[in-house]
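Below is one structure, written out as structure tokens, with a few remarks after it.
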Amino acid sequence: MTALLLLYSTLVLLSFSTTKASTLTQALCLADQRHALLQLKKGFELTDQLQSWSASTDCCSWDGITCDQLTGLVIAVDLSDLHISGELSPALFNLSSLQYLNLSYNSFIGVELPQTGFDRLANLTHLDLSNSGFAGQVPSGISLLTNLISLDLSYNYFEVHDPDLQTLLRNLTNIQVLNLDGNNHFLNSYFPTFLANFSRLSVLSLSYCGLRGQFPLKIFHHTNLTVLDLTENPMLTGKLPEFTRASFLQYLSLASTSFNGPIPDSIGNLQK
């Protein structure tokens, strides 16, 4: 399952990235964008892998940075798996053209995200904060990122009290990939049934979330759904539906749940 999501993230980043030296007409990094990134770096520790981030060079050529070729605006920041620690500077929110932000697999152990500013990243379509040790309340500004297609908050120490999970997600109806794995400390509740209305979901991963109650049958009928992972939610109940050949479901894990009833013969229709 993790491998599938990593592959998805890699393919998405490739869609943003182009060969940075492919054209002589590519715009150079703008001064305010460079300044914001350098302020971001200042908040980090263990930044040996960000040595290319120098005030004397074009920030569009820096490791992990992708710029729009015409405007020089930063549209993607990928700092995944760099073992970065420290703080997340609010200077990040000055990158208002950002579409892709990946801070996964770092060491922000116990660090809280800035509670204001995320709403300024209105163009963001992909946000991955997974496996980085972030803690505290998930910022309410994320609830305003209505262009989000992919949101991964898995395996952190987040809380969702104000706003609660429904308030945080209810406006994000364009979401196609939602991963909240390993968040049993803040979910640990009845299944969030409002997700049944997110008809664009292609990946829904809620393993190790301490969910209970009845799983909405409606979600199985979402025609775009390809991955459904409910592993290790022992108090979550449900039944398998009849599957049609129109289903695109490719990965289904119900291990260590309380689903019951017969396995329908129509599960053989899931051949994609």
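Position 118 (the sequence shown) corresponds to 117 in numbering that gives the first Met the number 0; numbering is contiguous. Cβ coordinates follow ideal geometry from the N, Cα and C atoms, glycine included.
Ser149 has its alpha-carbon roughly 23 Å from the corresponding atom of Leu216. Per DSSP, the beta bridge partners of Glu44 are Ser84.
Counting only residues of its own chain and dropping the five nearest sequence neighbours on each side, Phe219 has a CB closer than 6 Å to the CB of Pro240. When Asn187, Leu179, Asp161 are compared, the shortest CA-CA separation from Asn155 is found for Leu179.
Counting only runs of 4 or more residues that sit fully inside the region 63-127, no alpha helix (DSSP H) segment turns up. By DSSP's assignment, Ser53 forms no beta bridge with any residue.
The shortest CA-to-CA distance from His34 to any of Thr46, Cys59, Pro233 is the one to Cys59.
Per the DSSP secondary-structure output, Glu158 pairs in a beta bridge with Gln136.
Here DSSP, grouped into helix, strand and coil, assigns Ser201 to coil. Straight-line spacing of the CA atoms in Thr56 and Val159 works out to 40 Å. Around the CB of Ile262, fewer than 16 other CB atoms lie within 10 Å, so the residue is classed as exposed.
Here Leu177 carries a strand assignment [DSSP, helix/strand/coil]. By a beta-carbon distance limit of 8 Å, Gln213 contacts Thr236. Their separation comes to about 6 Å. Distance from the CA atom of Leu69 to the CA atom of Leu120, rounded to whole angstroms, is 20 Å. Put simply, the region 191-204 touches the region 161-180. At least three CB pairs are less than 8 Å apart. DSSP places Gln165 within a helical segment (H, G or I) once states are collapsed to three.
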